[in-house]
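Student:
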Amino acid sequence: MHSIFAISVDFYPPVRYYTHAGAKTQVKNALHLNLKLKQQLRLSPQMIQSIGLLTLSNLDLLAHIEKELAENPLLESDEKGNTVEIDQNIMNDPDMPSYEWVDYLEDSSDLGMPRDNDKEDSKRRFIEGGIAEEKETLYDHLLGQLRMSLGDEKKIELGAKVLGFIDREGYLSMSSDLIALDLNEPREDVDSILDLIKTFDPPGVGGRDLREVLLLELAAYSPRQPLAERIVADHLDALSQKDHALIAATLNVGVDDVARSAAVIQTLEPFPGRAFDTTKVRYIVPDIRIDKKDGEWHVELIDDFLPALSISEKYSAMLKKSPGEDGGKFASEKLSSALALIYAIEQRRRTLYKTGKALIELQRDFFEHGPEHMKPLLLRDVAGAIGMSESTVSRVSNSKYVETSWGIFPVKFFFSVSVRSSSGTDSKQSVKEKLRRIIAEAPDSLSDEKLKAVLSERGIHIARRTVAKYRKELKILSSRDR
């Protein structure tokens, strides 16, 4: 970051006189030179690049490096590149150094990151295969069946519009009355299309709620299950509570018959569109590993699949021989760009390392005892520990993952606000983990009100709606649905 002192100069044309209606008018124009001194902060290109690389995950950084290797002839991937050791005591990194190309070329050492060639190919194949191939969407699947079922192009056009109201889970997102009003079509035509769609594959598609979805699936079930259909139609709430005795008494059937029908219902798909989910899946490749060795916690950067970078000897020789010619000028510019990239990558590594060390110090109870012992932690706490700004910590936390003995977590997982409790050290994440364990260990399905009471007994005082919010974030169903 540089301070810029700017000087502005204002020029005006000379004084002129004009005569209008017998009067002589002076236009006050003159030539003036005004100096204004102001200070501005500007980021150097190298610093902008360093900031940009901070936000990238390892996979995105790999793509960025490969792009630079393709565009910059002075940049090479060197399998023999040596590691720049991390100074564990360093807490403040220097600004971008001013490299002189002659000094650099005289030094045979290369900056960069090591790569084990035997491991690199297999890891690269794993990473490149991390994106799932695109599948047929639910909409396309249903549209194909619609075209085969209808011969009238106008009906097909209307059907295609109605399909737009079916969400990716297979549920109808709006009532037929509102669909007809929205499309400005007769209600009878919309209902006719919907009745046809409900006979399509996958079974259950087009249902308005869970009850209708399950009934549609049972209608296509072979052999038919009349008792299961009656249970879903009239006793779904009792089934969610696993109250087979109540259902048996109400329907005047045996408890064993109810249990067999319940087993059939459990095989049904509550989200019929799930098989056509086209969400792209990426494998998580952790950026940092934190583990305990010989009684001490250590930080390890997981970046050995990234190529080591060095400067091309061919172009280096050209630059030495003719630094002033066009080719030498081009090589000099590319050299500066290559060195800036190498430096920015190393800055990123150092910042990641220091962030990992700060997490060990500030969240030691988590690493020792697990997620229930997560402490409240803010960006400014880590920023103060590593001697950097909160914005830098925020960038380095973006899209980064940490491998621990308790699992793989996003770096942002370790930042959590405090929750009102008797200990005063409970974080939102620790409360959610305790809530998860209470629900898992409870013999009966506890309501949100009862969960609130259990947490209160343990010294954690939060509202019932907060319990419901945390439960939903944990993707745990309500007590009735559990």
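Just so we're aligned: 382 in the working numbering is position 119 of the sequence shown, and the numbers increase by one with no gaps anywhere. For every residue, glycine included, the Cβ atom is placed at its ideal position computed from N, Cα and C.
1) Could you tell me whether the segment 492-503 touches the segment 398-406, where touching means 3 or more Cβ pairs closer than 8 Å?
2) Have a look at Asp-566 and His-724 and give me their C-alpha separation to the nearest angstrom.
3) Under the assumption that Ser-750 contacts Leu-490 (Cβ atoms under 8 Å), give the Cβ distance between them as a whole number of angstroms.
4) Whose C-alpha, out of Asn-661, Lys-461 and Ala-511, is nearest the C-alpha of Asp-550?
5) Let's see if you can read the secondary structure: which residues bound the beta strand (DSSP E) around Ile-551?
6) What residue ranges within the segment 608-660 form continuous alpha helix (DSSP H) runs of no fewer than 4 residues, ordered along the chain?
7) By how many angstroms is the C-alpha of Ile-553 removed from the C-alpha of Glu-334?
8) For Leu-337, which residues of its own chain have a beta-carbon under 7 Å away from its beta-carbon, when the five flanking residues on both sides are left out?
9) Can you tell me whether Gly-670 is helix, strand or coil according to DSSP?
10) Helix, strand or coil for Tyr-434, going by three-state DSSP, please let me know.
11) Three or more beta-carbon pairs under 8 Å between the segment 456-472 and the segment 507-522, yes or no?
12) So Arg-611 and Leu-316 are in contact, right, with Cβ under 8 Å, and what is the actual spacing, rounded?
13) Using a Cβ-Cβ cut-off of 8 Å (strictly less than) and excluding sequence neighbours within five positions of Arg-493, which residues of its own chain qualify?
14) Alpha carbons only, please: which of Ala-423, Gln-504 and Asp-540 is nearest the one belonging to Pro-465?
15) Leaving aside the five residues before and after Ala-726 along the sequence, list all residues of the same chain whose C-beta is less than 6 Å from its C-beta, in chain order.
16) If you draw a straight line from the C-alpha of Pro-533 to the C-alpha of Asp-430, how long is it?
17) For the alpha helix (DSSP H) containing Ser-662, list its first residue and its last residue.
18) Helix, strand or coil, according to DSSP, for Val-562 in the structure here?
19) Asp-379 to His-632, Cα distance in whole Å?
20) Return yes when the Cβ of Glu-653 is within less than 8 Å of the Cβ of Leu-642, no when it is not.
21) Count the other CB atoms, across all protein chains shown, that sit within 10 Å of the CB of Lys-620; report buried if there are 16 or more and exposed otherwise.
22) Under 6 Å Cβ to Cβ from Lys-697, same chain only, skipping five residues before and after it: list those, please.
23) Let's test the definition: count the other Cβ atoms within 10 Å of the Cβ of Leu-740 and tell me whether it reaches 16, buried, or not, exposed.
24) Check whether the segment 420-427 touches the segment 446-453, taking contact to mean three or more Cβ pairs, one atom from each stretch, closer than 8 Å.
Tutor: Working from what's here:
1) no
2) The sequence position of residue 566 within the sequence shown is 303, counting from 1. The sequence position of residue 724 within the sequence shown is 461, counting from 1. Between Asp-566 and His-724, the C-alpha separation is close to 42 Å.
3) For residue 750 there is no data in the structure shown, the boundaries of the chain being 264 and 745.
4) Locating residue 550 in the sequence shown gives position 287, where the first residue counts as 1. Among Asn-661, Lys-461 and Ala-511, the Cα nearest to that of Asp-550 is on Asn-661.
5) Walking along the sequence shown from the start, residue 551 turns up at place 288. Here the beta strand (DSSP E) through Ile-551 covers 551-556.
6) 627-632, 642-649 and 653-660
7) Here residue 334 refers to the residue found at position 71 of the sequence shown. Here residue 553 refers to the residue found at position 290 of the sequence shown. In a straight line, the C-alpha of Glu-334 is about 35 Å away from that of Ile-553.
8) By 1-based counting over the sequence shown, the position of residue 337 is 74. Ile-574, Ser-575, Tyr-578, Ala-594, Lys-597, Leu-598 and Ala-601.
9) Translated into the one-based positions of the sequence shown, residue 670 becomes position 407. Strand, per DSSP.
10) Position 171 of the sequence shown, counting from 1, holds the residue named residue 434. In this structure, Tyr-434 counts as coil in the three-state DSSP scheme.
11) no
12) Position 348 of the sequence shown, counted from the start, is the residue given in the question as residue 611. Position 53 of the sequence shown, counted from the start, is the residue given in the question as residue 316. Indeed they touch by this definition, with Cβ atoms about 5 Å apart.
13) Walking along the sequence shown from the start, residue 493 turns up at place 230. These residues qualify, in order along the chain: Leu-514.
14) Translated into the one-based positions of the sequence shown, residue 465 becomes position 202. Answer by Cα proximity: Asp-540.
15) To locate residue 726, count along the sequence shown from 1; it is residue 463. So the list is empty, once near-sequence residues are dropped.
16) In the sequence shown, counting from the first residue as 1, residue 533 sits at position 270. In the sequence shown, counting from the first residue as 1, residue 430 sits at position 167. Looking at the two C-alpha atoms, the distance is approximately 13 Å.
17) Within the sequence shown, numbered from 1, the residue matching residue 662 stands at position 399. It is not in any alpha helix (DSSP H) - Ser-662 carries neither H nor E in the DSSP assignment.
18) Reading the sequence shown from its first residue, position 299 is the one you call residue 562. Looking at Val-562 - three-state DSSP - the assignment turns out to be strand.
19) Counting from one through the sequence shown, the residue named residue 379 turns up at place 116. Counting from one through the sequence shown, the residue named residue 632 turns up at place 369. Because the pLDDT at Asp-379 is just 45, under 50, the model does not fix this residue reliably, and the point stays unresolved.
20) Along the sequence shown, read from residue 1 onward, the residue named residue 642 stands at position 379. Along the sequence shown, read from residue 1 onward, the residue named residue 653 stands at position 390. Their beta carbons are under 8 Å apart, which means Leu-642 touches Glu-653 by this criterion.
21) Sequence index remark: in the sequence shown, residue 620 carries index 357 (1-based). Looking at its Cβ environment, which holds 16 or more other Cβ atoms inside 10 Å, Lys-620 is buried.
22) Here residue 697 refers to the residue found at position 434 when the sequence shown is read from its first residue. Within the same chain, Lys-697 has close Cβ partners Glu-635.
23) Numbered from its first residue, the sequence shown carries residue 740 at position 477. Burial call: exposed.
24) yes
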